[in-house]
Amino acid sequence: AIMSVTASHDPKIYQKTGQIDQHLEGIKKQYDTAEKREFYAQVMGDGTANIHFGKWDGVDLDKEGAYGKAAESMTDYMFDLATNLLQDTTSISLVDLGSGSGGAAVRLLANHPNITKATCVNLCTSQNESALKDATEREVKDRIQIFTSSYDEVPAKDNSFDLVFSQDAFVHSFSKVKTYSEALRIAKPNAVFIFCDLMCGDGPDVSEDELATFAATNMVNDWLTPADNCDACEQAGWKQVTFIDLMSDIRLSFQLMKKKVDQIIARGGDGIDMDLLTEYSKNLEKRVTQVDRGVFKWGVIHAKKE
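See below:
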């Protein structure tokens, strides 16, 4: 049965509780119900499994599949940045923390034979099943392993990976310092850490209440500015921590998501609850103005392990 908008946006599910068990259950409900998976696949995936915000350089906004192309471009942009920072790229072991449907890891494996192994760590069982299916279809199944786990408790030994990667997942971290410390633990010496994420803005007219409201309804427990995220990385032990601002890209991502949602509404919903779609359309319009006012930041942080 299609979930009602009340069930899909029950404030009791998404509120900030300070309880990690409730927090993790809320994240699963935000992404791993059948209707939410369908929504994200249609609006952000665009026929790909890469359900992320996009990098829009050179992407034709009016072409079919533009959003999926931009999401894949962001994965490629981050991987290129990371490999430029790695001392040796002949053989790369990669871990994707909060890997979602596995789109980024599968794409990178298919395009880069020098990635010997990709490990996906993700809370949501159905997403992980989808990732395994995608890896099989793209003929990279022998080079991928997928764990159903929190990225705060990665089932891997110390010093395991050359590249620790994450796309739009740490926004849900219960404690950023803990998450970044776990990333450091599993990284090899000289490894690169790279992630993109929504972060707390610092616009001059943004109230604490407005920031708190976003956090309280989107499974955000530790809502940090880019500078505070960089500090948290340094506290965890990362070196050469750098933030790259990509605000023009996140604005386009929200605009294009709204356009896609409105197209789905115009078609009658494509099997997704119309109340849910209408609510998302309103929220996305609000997101664009919030970007302009500095409620959010979005960009990449990269760092190295000594």
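Taking our numbering as reference, the numbering of the sequence shown is continuous, increasing by one, and the terminal residue is 307. For each residue, glycine too, the CB sits at the ideal point set by N, CA and C.
- Of all alpha-carbon atoms in Gln291, Arg268, Asn230, Gly272, the one lying nearest the alpha-carbon of glutamine 256 is that of Gln291.
- Looking at the backbone, the Cα of methionine 79 and that of isoleucine 195 are separated by about 7 Å.
- Leucine 257: not part of any beta strand (DSSP E); member of the alpha helix (DSSP H) spanning 248-267, first to last residue.
- For threonine 76, the enclosing alpha helix (DSSP H) stretches over residues 67-86.
- Residue range 116-123 is occupied by the beta strand (DSSP E) that includes cysteine 121.
- The bridge partners DSSP lists for methionine 200 are Lys298.
- Under the three-state reduction of DSSP output, alanine 105 falls in the helix class.
- Out of Trp239, Val193, Cys234, Pro227, the CA that lies nearest to the CA of isoleucine 245 is found in Pro227.
- Distance check between glutamate 154 and each of Tyr181, Leu212, Glu286 places Tyr181 closest, using alpha-carbon atoms only.
- By the criterion of a C-beta distance shorter than 7 Å, arginine 294 is surrounded in its chain by Gly204, Asp206, Val207, once the five residues flanking it on both sides are discounted.
- Per the C-alpha coordinates, the member of Ser102, Met258, Asp77, Ile265 positioned closest to isoleucine 147 is Ser102.
- Alanine 267 has its alpha-carbon roughly 42 Å from the corresponding atom of isoleucine 116.
- Every beta strand (DSSP E) of 3 residues or more that sits fully in the stretch 133-158 is shown, in chain order, as 145-149.
- Shown here, proline 190 sits in a strand according to DSSP, grouped into three states.
- In this structure, serine 100 sits near alanine 132, with a CB-CB distance shorter than 9 Å.
- In the structure shown, aspartate 97 falls within a strand segment according to DSSP collapsed to helix, strand and coil.
- Glutamine 168 sits buried, since 16 or more C-beta atoms from the chains shown fall within 10 Å of its C-beta.
- Secondary structure of phenylalanine 215 (DSSP, three-state): helix.
- Rounded to the nearest whole angstrom, the C-alpha separation of serine 249 and tryptophan 57 is 9 Å.
- DSSP places aspartate 232 inside the alpha helix (DSSP H), whose first and last residues are 227-237.
- Each of Glu286, Leu247, Tyr152 was checked against the Cα of isoleucine 21, and the nearest Cα belongs to Tyr152.
- The Cβ-Cβ distance between valine 193 and glutamine 236 does not fall below 9 Å.
- Within the DSSP bridge table, the entry for phenylalanine 166 names Asp97, Ile195 as partners.
- In this structure, leucine 247 lies near cysteine 197, with their beta-carbon atoms less than 9 Å apart.
- Judged by DSSP in its simplified three-state form, histidine 303 adopts strand.
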